[in-house]
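In this note's numbering, the protein residues as written are 3 to 379.
For reference, the structure is listed below as structure tokens.
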């Protein structure tokens, strides 16, 4: 098994008698990680899955006596797809209050639904972690930096889902199954999408616009729905860990974009599968290769910061109305770092003059494949 960076943090949280929730997309390895932790921490493990209708029925009525009976002599509880259990928040509250020695990990693939179910019930008694598809840093730990740098172009096409990484030669079939069973089935069915074809079309439109600012009104025209529905669908895709938003950064300069956003995919294998293009990177237009490199680095950097516990880092991009741009801005403790991403750099890259004038204390770095180790490790 490829070691996950948050494993030690989860075990420390359990030692502090915290209920642990792990959020992330389906097939990212949440159940596998929870099982590894459970086996290291306990001998008597009870596993429940919210996908099971019998489990959901079992917890329609929750009281301490019933929960104690169901738990029996187990000392570790794993609850997969916990957001599907109606009273999961109440169940976990009773365990936290009345059975404090019970160790619990609850996983969920919908951040909104699980958070809504447990946040109020477990205030101060839970710790939440996110588990993404495998990261560059995790893969370097599994192999080495030289090997992972060699595979960058491959990762930019097929992504980092664990089954994809561990099944070389079968990537296309696995990604097809992922988008058919998880993306198109689970996300569409569980969110009562009235026009599923429109959400799919929206996702395809977003896949073609990575690296570019997006407009709800423009997307509405492309997809054939109103802008309000576009925003609702984007919110659903974000809550299910398919895409994420990078907002624009601006101070008080008139020509800076102040309310713009870019949308990126957490995993490029999903992005490429959605549009049905798994062509090697060298066969793609240079502009698309540059956008894939940008998406790869932005998503990997955010994962890296999250796993490192850099809770208060804020991420943005910067752009002017004249289209002068910095790909990624990080603000932490009042300090600004700026990054430009170049897949195939030519001459030396400098920050836009207006940016350096306005933000003269910001550090600026150009990240090429040669600098990826320093940027992501």
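Cβ atoms here follow ideal geometry from the backbone N, Cα and C, with glycine treated the same way.
Remember, predicted model here, so these are calculated numbers, not experimental data.
Apart from the 5 residues on each side of it in sequence, residue 44 sits with its Cβ closer than 7 angstroms to the Cβ of 77, 78 and 105 in its chain, given in chain order. The closest CA to that of residue 87, considering only 73, 62, 96 and 68, is found on 62. Annotation: residue 51 is outside any alpha helix (DSSP H); the continuous beta strand (DSSP E) that includes it extends over 47-51. Under DSSP, the beta-bridge partners assigned to residue 23 are 108 and 130. Distance from the CA of residue 103 to the CA of residue 133, rounded to the nearest whole angstrom, comes to 25 angstroms. Contact annotation: the segment 157-166 does not touch the segment 202-210, with fewer than three C-beta pairs closer than 8 angstroms. The three-state reading of DSSP puts residue 320 in strand, counting E and B together.
Measuring C-alpha to C-alpha distances from residue 69 to each of 52, 89 and 17 identifies 89 as the nearest. Only residues of its own chain outside the window of five on either side were considered, and among them 250, 259, 262, 263, 264 and 321 have a CB closer than 8 angstroms to the CB of residue 215, listed in chain order. Contact between the segment 166-176 and the segment 189-206 is absent, with fewer than three C-beta pairs closer than 8 angstroms. In the three-state scheme derived from DSSP, where H, G and I count as helix and E and B as strand, residue 365 is classed as strand.
Sorting 110, 60, 18 and 204 by C-alpha distance to the C-alpha of residue 93 places 60 at the top. Within the same chain, 123 and 124 come within 7 angstroms of residue 95 by CB-CB distance, once the 5 residues on both sides are set aside. With a cutoff of 8 angstroms on beta-carbon distance, residue 266 and residue 245 are scored as near each other. For secondary structure counted as the beta strand (DSSP E) over 3 or more consecutive residues, the segment 276-321 holds these complete runs in sequence order: 316-321. Looking at the DSSP output, residue 266 bridges to 246. With respect to the 8 angstroms criterion, residue 372 and residue 242 are not classified as neighbours on the basis of their beta carbons. About 14 angstroms separates the beta carbon of residue 24 from that of residue 14, a gap too long to meet the 8 angstroms contact definition.
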